[in-house]
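Quick notes on the structure that follows.
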Amino acid sequence: MERQDVMNASPQPGRAANILGQPFTLPNGSVIRNRLAKSAMSETLGTLHDNRPTPALETLYGRWAEGGVGLCISGNVMIDRRALGEIGNIAVENERDLDALRRWAAAGTRNGTQLWMQLNHPGKQAPKGLNRENVSPSAIPFRPDMARFFPVPRALAEAEIEDIVRRFGRAAEVARKAGFSGVQIHGAHGYLVSQFLSPHHNQRGDGWGGSAEKRRRFVLAVLGEIRRRVGRDFPVGIKLNSADFQRGGFTEEESLDSIRALAAAGIDLVEISGGTYEAPAMTGAGAAKASTRLREAYFIEFGEKVRREVAVPLMLTGGFRSLAGMAAAVESGAVDLVGLARLLAVEPDAPARLLRGEEPLQAIRPITTGIKPVDRMALMEVAWYTRQLHRIGAGGQPRPGESALYAFASGILQNGWSTFKRNRALA
Ligand SMILES: Cc1cc2nc3c(=O)[nH]c(=O)nc-3n(C[C@H](O)[C@H](O)[C@H](O)COP(=O)(O)O)c2cc1C
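Count along the sequence shown from 1, add 646, and you get the number used in the working numbering.
This is how it looks when you write it as structure tokens:
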């Protein structure tokens, strides 16, 4: 059968469950108990003033671990407290919070689940007023309609770049010591790693920019430093854009070349996503072709291309909704792991159902208020899902039916309009 036919064929529920239930062994021998992975969702459950992990994380991650997922990737954890992406981020700069991180890791690895910490630096993608200043490879402003919310960044000095590379390594070492099963570099969605890779955001003329190879130097330096600190047996993955969907941005060809270079440098897992704040394709906005949407996964065609060209474990995230769609993607050989985000915010035990051969109970619907300016800025999507994560973290149940208008109104009442706007950004 042609791959296209395989993707369109729907395995029977029992067979689909068997496909998703197969363990997956990473090249370093580490075993993920099934093919379902929770993709990163920023919980913003850190303390507001000093970015420390809170007990709500233990409740939330315990719930996911018991819900059957094989690999659970944390929301983005910042490697520098001076560079946050959102209010309430957790930051890991040293062993200050080792005990709290240990409790989080212990809860999230229950039931044989692997828990990886996603490490991030937002670069320029941090809203005005959150950090003292924002930095980036080059001082390129945001597109005009977003420039009101995001300041023009300052270009990093070389010594600062080297410091950031060391910080990624240090945070990974702390994650390992705390009992996390691996780490993931956030190289997608327009944050600092992704800014370095992009010819639009990185217009440096020194050793860190100017050619595709030099733009790749930063991510390879980060991987090298992490590896030096954690050793070969500790899984290190990366989330990478298939493309930025931005004129003059990171293309599929460059993404493929980056994946080749990362595979040669010993990355253990590549998760494919796409988009940036300026072109938010990661949640399906506009980027996917109709044929792709029909096949659920937004970036499956790129996943297939990578699979043909590079021998590296692959996870694909964005758009997976049905048992048949997930199983078909694995069975076709295009991907090894299926990444799920929004579904697991409203149905944390969906993996257990899928592994029994049952469809998820919840359908992912557009989160809109009907108030045009709010919906145009996609203010609600992240805010609404974050509310669900907070509910689970507080020991309660998500409310899949909650109206976006109600959530919007209570968000404004609780936090005020400006904080709500500041928090809107998608991690
Ligand atoms: C509330 C929320 C927070 C997110 N935070 C992160 C994050 O911290 N890191 C990241 O790589 N992606 C983040 N994402 C993107 C998701 O990981 C995922 O790529 C996207 O939601 C598409 O997958 P889905 O269709 O299964 O939801 C976030 C998405 C949502 C809805």
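The beta carbon of each residue, even a glycine, is placed where N, CA and C say it ideally should be. This structure is a prediction, so every number in the text was calculated from the model and none was measured.
query, result
"Where DSSP assigns a beta bridge to Pro699, which residues make up the other side?", "Gly692"
"Do Phe891 and Gly851 have their CB atoms nearer than 8 Å?", "no"
"Look at the Cβ atom of Arg728, then the Cβ atom of Arg778, and state whether they are nearer than 8 Å.", "yes"
"Establish whether the CB of Phe948 and some CB of chain B are separated by less than 8 Å.", "No chain B is part of this structure, which consists of one protein chain only."
"Report, in whole angstroms, the separation of the C-beta atoms of Gly769 and Leu761, which I expect to be a contact under 8 Å.", "Gly769 to Leu761, Cβ: 26 Å. No contact."
"Reducing DSSP to helix, strand and coil, say where Gly758 ends up.", "helix"
"Among residues of its own chain, excluding the 5 on either side of Gly903, which ones have a beta-carbon nearer than 8 Å to its beta-carbon?", "Note that residue 903 corresponds to Asp in the displayed sequence, not to Gly. Counting only Cβ-Cβ distances below 8 Å, and skipping sequence neighbours, we find Ala858 and Arg862."
"CB Arg756 to CB Glu689, shorter than 8 Å?", "no"
"Taking only the alpha-carbon atoms, compute the straight-line gap between Ala970 and Pro1006 and give it to the nearest angstrom.", "11 Å"
"Let me make sure I understand the geometry here. Which of Arg1033, Gln1043 and Pro1044 has the alpha-carbon closest to that of Phe1054?", "Arg1033"
"List in chain order: all unbroken beta strand (DSSP E) runs of 3+ residues lying wholly within the stretch 952-1024.", "960-963 and 983-986"
"Mapping DSSP to helix, strand and coil, what is Ala801?", "strand"
"Tell me the residue span of the beta strand (DSSP E) that contains Ile918.", "Leu915 to Ser919"
"Just reading off the beta strand (DSSP E) that Lys770 is part of, what are its end residues?", "No beta strand (DSSP E) holds Lys770; DSSP gives it neither H nor E."
"Using a 10 Å radius around the Cβ and a threshold of 16 neighbouring Cβ atoms, would you call Glu804 buried or exposed?", "exposed"
"Tell me whether Glu806 counts as near ligand 1, meaning its Cβ is closer than 7 Å to at least one heavy atom of that ligand.", "no"
"Rounded to a whole number of angstroms, what is the C-alpha to C-alpha distance between Ala853 and Ser656?", "Correcting the residue identity first, residue 853 is Gly in this sequence and not Ala. Between Gly853 and Ser656, the C-alpha separation is close to 49 Å."
"Run the CB neighbour count on Tyr944, radius 10 Å, all protein chains shown included, and call it buried at 16 or more, exposed below.", "buried"
"Should Ala662 go down as buried or exposed, given a rule of 16 or more other Cβ atoms within 10 Å for buried?", "buried"
"Does the Cβ of Thr963 have 16 or more other Cβ atoms within 10 Å, making it buried, or fewer, making it exposed?", "buried"
"Within a Cβ cutoff of 6 Å, which residues of the same chain sit near Asp745, ignoring the five residues on either side of it in sequence?", "none"
"Quick check: does the Cβ of Met1026 come within less than 7 Å of any heavy atom belonging to ligand 1?", "no"
"Beta carbon of Leu1035, beta carbon of Ala996: below 8 Å?", "no"
"Ignoring anything shorter than 3 residues or poking outside the stretch 866-918, list the beta strand (DSSP E) runs there in chain order.", "882-887"
"Just the Cα atoms here: how many angstroms apart are Phe670 and Phe896?", "30 Å"
"According to DSSP, is Gly721 helix, strand or coil?", "strand"
"Nearest-angstrom Cα distance between Gly1041 and Asp1021?", "30 Å"
"Have a look at the DSSP bridge pairing and note the partners of Ile786.", "None; Ile786 has no bridge partner."
"When the distance is taken between beta carbons, is Met1026 closer than 8 Å to Ala987?", "no"
"May I ask whether a heavy atom of ligand 1 can be found less than 7 Å away from the beta carbon of Gly721?", "yes"
"Counting only the same chain and skipping the five closest in sequence on each side, list residues whose C-beta sits under 6 Å from that of Leu703.", "Leu691 and Trp750"
"So, with DSSP's three-state summary, where would you put His1036?", "helix"
"Considering just the uninterrupted stretch of the beta strand (DSSP E) at Gln830, what are its terminal residues?", "Gly828 to Gly833"
"Just mark Val723 as buried or exposed, buried being the case when its beta carbon has 16 or more other beta carbons within 10 Å.", "buried"
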